[in-house]
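Notes to accompany the following structure.
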Amino acid sequence: MLLQMRGISKAFPGVQALDSVDFELRAGEVHALMGENGAGKSTLMNILGGVIVPDAGEIFINGRPRLIRRPVDAQAAGVAFIHQELNLIEPLSVKENFFIGRELVNRWGVIDWKAAADRCRRVLEELSIPVHPDDRVADLPMALRQMVEIAKALAFEAQIIVMDEPTSAITVQETQVLFDLIGRLKREGKGIIYISHRMEEIFQLSDRVTVLRNGRYIGTRPTAETTHEELVRMMVGRSVPARLKKANDGPGRVLLEVRGLSGNRRVKDASFELRAGEIVGLAGLRGAGRTELLETIFGASLLRAGEMILDGRPYAPRIPRDAIRAGIAYVPEDRVRKGLFLDLDVKENVYVTAAELQAQAGWIRERGVPERVHGLVEELKIATPSIRQAVKNLSGGNRQKVVFAKFLSTGLRVLLVNEPTRGVDVGAKAEIYQVLNRLAARGVGILMASSELPELLMVCDRIIAMWEGRLVAAFGREEATQEAVLHAMTGGTRE
Amino acid sequence: MSEPTTNRPGGVRNVSASPGRRRHLTREGRIALSLAAVIIILFFLSGILAPGTLTLSHALEVGRQAVPLGLTAIGHTFVILTGGIDLSVGEIITMTNIIGTDLMRGRPEAALPVMGLLLGLGTLIGVLNGAVIAYTRVPPLVMTFGMSFIVRGFYLIYSGGTPKGSVSPLLRTIGAERIGIIPVSLLLYIAVILLFALITRRTVWGRSVFFIGNNPQAAHYSGIPVKARLLFAYGTSGLLATMAGFVLSGYIRIANFDIGGEAYTLNSVAAAVVGGNTFTGQGSVLGSVLGSFIITQVTSLMTSLGVGESGKLIMRGVVIVAMVAIYAAPAQWSFLMRRRQAPAGR
Amino acid sequence: MTDGNRARLSSPNRPKGRPQGGSARTAMQRDMLMLFGVVVLMTVIPALWSPAFRSPQNVTNVLSQVAPIGLVALGQTLPILTRGIDLAAGPLVSLTTVLAATMMGFDTVGVLRGLAVCLAAGLAVGLVNGLVITRLNVPPLIATLGSMSVISGVALIILPHPGGYVPRPFTQALLYRIGDVVPLSFVYFAVFAILMAFIMNYTRFGRWVYAVGGHEEHARVAGVPVRRVTVGIYLVSSLFATLGGLALAARMYSGDPVAGHPFTLTSVAAVLIGGTTFEGGRGGIPGTVMGVLIMGLLTVSLNIFGVSPFVQDVLSGVIVVLAVIYSSIRK
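Line by line, the protein sequences give chains X, W and P.
Residues 1 to 495 in our numbering are what the first sequence spells out, letter by letter.
Residues 496 to 841 in our numbering are what the second sequence spells out, letter by letter.
Residues 842 to 1172 in our numbering are what the third sequence spells out, letter by letter.
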């Protein structure tokens, strides 16, 4: 047995993240780790990687107990953790990144760059990774960065490789190359822990699956003997409704018309309509241009060509303020960077936009604001002890609701949402879907980008597939199936 | 690990229904109270160490001395809250003095037009700082430092290197006279404090500096016109530095190249950070006012103890680092920052 | 590796026109070449114009002027590479001149004693800065603003007015001109520049500085002792400020409690002109050397062409800002 983790427990303030969890990994095995967000997968792997110190539990590697308290300990024990957000330093070259923290030095402490370059090149070549040791990481596409990270791990004799959603940021072709690589590692006797939400991948790749739920160990199954349904049941603990019941009857008038829109680099000639009360899904791989399309409509990204008509009037935002003024709001994917003021409190975060736009000659109307914010906090069920609480103390789901709340009092007509449930737990997810439904029922038109197809299929009236910056296909509610949309968004033609 | 993602139904506490029920002090409120306590302690301490200073008129005198620094610090606060710094304020003060005294030459009728002109000029310099910082990627430190050279070169060329002239009676009134026992400058100062405290709390221009400082990108995405607000913040800094220049000029009455300069710039940064202002959008005008009062108080105490310029510099450095270290310390260590540990819904 | 292989792997959405994974080294070489071109132009054009500029005295003048500020800028490069700043550098230069001018006495033994005192003071300053930043979580700007103030005060206590005396063995060791043209102080600067370039590229410490500057958290996870490196960065910066102070003291033949103050921001400007940015992890010593030469040549040219010191103030402010605008656009 390559790795055994026994009785691992970890509590964070207010929550038991892991409750006596067991996990094991054999040499030459791909072991999938599954669970909803917040189930404890990341915590467990961070403990293995030395990023988090557990409250209780033991770790055995090759049958011997190992104490892992810092990332260095994990490295020494042969554990490599390929984080979703890769652990590379962008301004530096591949070669430099390879050896950070374990430079190859001669006996005078001078770095031997030639040996470093050789070793780096050898590993890259062995794995057929088309990267030069002198390439700057910042210039490489995501997929290659990921491979560099894997190569880096192997250069230092890693036995156990943890991959956290490695395919979330790469294309289908790139995924295949990655899977080939994983196959090779497996044959060489490495153990691979593979975290993913994508069922197809789990069934294609893994030998066994372990499921966690709410910080508890639920079970381990050989992949060949389990089914999609069983895994979902294990993860969720109940069956999931296939489709959300919509509150309104049908979409109304055309709210936003986009014609021949081209934006910065990734958006090419996009045309579509969004109707009042309609939720339109935007499906596509990472890098397909979904974020850019939404941000172009929101005025946060340069509009190169094309025109937009909002409620019968021409609409051409230069900055997000113009968009919000016109009634278009945007809930960004990267909410920490683009959506929130972490050190400021809930009230400030919720009221910032309304204060800006409803001010008269610059004067902010303060009367009734606490009440309004409280109303929004309750409407969205934001769990916070006080509206004076700093947002950094809220969980992912509640933070997301704060971003929603910001736009609910600004005369909202069109809502653009990008990955609204990323990093959000199951309960909050359902609540966010309800919010979207309620807004649609009120006549707001919603354009929702998501990389989770099941989510789009569940929530949306229509789905538009995007591939390489173009809108390549549209599906009505009846024709939208997982297979059809996936086919279109991965470059398959459809008629 | 930046976002805790665990949120259990059941473990969640919902927000209390009545808005006003749990009022506890904000960070700024706690800092202001603590600084006020420090001021009172310093007042009595100076009474013990330097007998004869425990009087209302001494307190008012310290208050008057704090006015120019306080004005500069208030303006600087807007810039610091956006995450920037304005190293040109000291030279703007000197410029105000040199050009103001030369244009006024003691004539009463020149006061208002010259003051108007200089206020416009000072604001323009600030706006220029803001424009370059907003529209290019030049760091504020470099821009405003470069500007300090430009401003200094400008008034040196203007004056030909020799100070001349004196202020109009109006400026003398503002800088040096009293109504009853209360210095005129102090009254002006109080009006400015109230005005700018109101601006930070109740106008979009004032509020937005907090958002920009905490997260400029999120501010942009939240509908704040970030560039315009940077112009406003740096413009305010230039405007208030000019006003500080008026008060100082009114007090010393004549042209003097040493009136402002680096000392004022650094003291105003010190006053703002001692007042709890951070480069990440946390702080208040009141904090800077109290901070500048403390710095003046300490300086004045050291003067009465016969400590020279050098000792004051050392004291300033120690005070800056100590105060910021206290503000930066983890909550459980710091008595100033202590707050009820409110477990959020996680 | 084949081109076909690469084409298949790369994302189809990569911006067109950017080279595939452009080599970090060639990009840097291009930048250096351009800065070097500026230095050459700033040397050749005034030299063609003015005989005074190409006189040996003026060459000596340029080189001896560059040495002190250059040494300070070498040190300042490290804090800026890691998104910090060392505002204490300038006052530490002043303090060093003051210490040198009061501690050295008249003989060689005195010189050594003085050097020891200066270096000890520099190391102490760096250590305190580093510890305040890493242990008390005070941002570098504020931490060094505080020490800047304290050091200025100490310098004024030791020597309230310019004066004191640095002995001849000391000034000779810095001002002796090789071939009657190249002052030793410049040679020291050149040697230290090469040494620092070597340290930054060929030692663990140097690589760790880049790693911390590029992404502090990732560096920590990779096993870089971030706090110790940070303390090291401010130690190096202070050490070079001390060396710069010694060079300045020799040039002035005395101490001055404020003469070094402008060095802080001049050194920052030189570093930024040299292409190191506050965004961290990019830039380095060669750029800083170019930045220093550009600033030095500028000052001397303005002097030679009789531009009034007042106008020089305005011009240097404008030029620093324009240069930084330019180098930030280039990125």
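In this text, a Cβ means the ideal position worked out from N, Cα and C, and glycines have one as well.
When DSSP reads this structure, M466 of chain X sits in a beta bridge with X:L471. Residues of chain X with a Cβ closer than 7 Å to the Cβ of G718 of chain W are, in chain order, P320, R321, I324, T353, E356 and L357. Spatial neighbours of T985 of chain P in its own chain (CB-CB distance under 6 Å, excluding positions within 5 residues in sequence) are listed in chain order as D927, L928, A929 and N970. In summary, G78 of chain X is buried, with 16 or more beta-carbon neighbours lying within 10 Å of its beta-carbon over all protein chains present. G312 of chain X counts as exposed, since fewer than 16 other beta carbons sit within 10 angstroms of its beta carbon. For the stretch 396-454 of chain X, the continuous alpha helix (DSSP H) assignments of 4+ residues that do not extend past its boundaries occur at 396-407 and 426-441, in sequence order.
The beta carbons of L1113 of chain P and P635 of chain W sit no closer together than 9 Å. Cβ neighbours of S763 of chain W within its own chain (closer than 7 Å, five residues either side excluded): L564, T567, A568, H571 and V584. Across the set X:E225, X:R253, X:N214 and X:T223, the C-alpha of X:N214 shows the shortest separation from the C-alpha of V236 of chain X.
When only Cα atoms are considered, G770 of chain W and L1106 of chain P end up about 25 Å apart. For V699 of chain W, the closest Cβ of chain X is nearer than 9 Å.
Note on geometry: alpha-carbon atoms of S717 of chain W and G339 of chain X lie some 7 Å from one another. The alpha-carbon separation between I999 of chain P and S935 of chain P amounts to approximately 11 Å. In this structure, A465 of chain X lies near L471 of chain X, with their beta-carbon atoms less than 9 Å apart. For M944 of chain P, the three-state secondary structure derived from DSSP is helix.
Beta-bridge annotation (DSSP): M163 of chain X is paired with X:I82 and X:Y194. Look at A1111 of chain P here: in three-state DSSP terms it is helix. Residue environment for T227 of chain X: exposed (fewer than 16 other C-beta atoms within 10 angstroms of its C-beta). In the DSSP assignment, F1011 of chain P falls outside any beta strand (DSSP E) and lies within the alpha helix (DSSP H) extending over R1009 to L1016. Linking G701 of chain W to I790 of chain W through their CA atoms gives a straight-line distance of about 25 Å. Q360 of chain X: not part of any beta strand (DSSP E); DSSP gives it neither H nor E.
When secondary structure is reduced to three states using DSSP, T698 of chain W falls in the strand class. In the three-state reduction of the DSSP assignment, I1135 of chain P falls in the helix class.
With 16 or more other CB atoms across the displayed protein chains lying within 10 angstroms of its CB, S654 of chain W is buried. One finds nothing in chain P with a Cβ atom closer than 9 Å to the Cβ of M797 of chain W; even the nearest lies about 11 Å away. The stretch 175-185 of chain X and the stretch 209-224 of chain X do not touch, with fewer than three beta-carbon pairs separated by less than 8 Å. Assignment of beta-bridge partners to R208 of chain X by DSSP yields X:H31 and X:P222. Under the three-state reduction of DSSP output, L340 of chain X falls in the coil class, being neither helix nor strand.
The Cβ of E757 of chain W sits closer than 9 Å to at least one Cβ of chain P.
Look at G1055 of chain P: its C-beta is under 9 Å from a C-beta on chain X. The closest CA to that of V907 of chain P, considering only P:F1030, P:Q898, P:M945 and P:M989, is found on P:F1030.
Taking 8 Å as the upper bound for CB-CB distance, L1143 of chain P and Q1153 of chain P are in contact here, some 5 Å apart. Secondary structure of V880 of chain P (DSSP, three-state): helix.
Residue burial annotation: N106 of chain X is exposed, with fewer than 16 other C-beta atoms found within 10 angstroms of its C-beta. The bridge partners DSSP lists for I674 of chain W are W:I677. Residue contact check for F99 of chain X against chain P: a CB pair falls below 9 Å.
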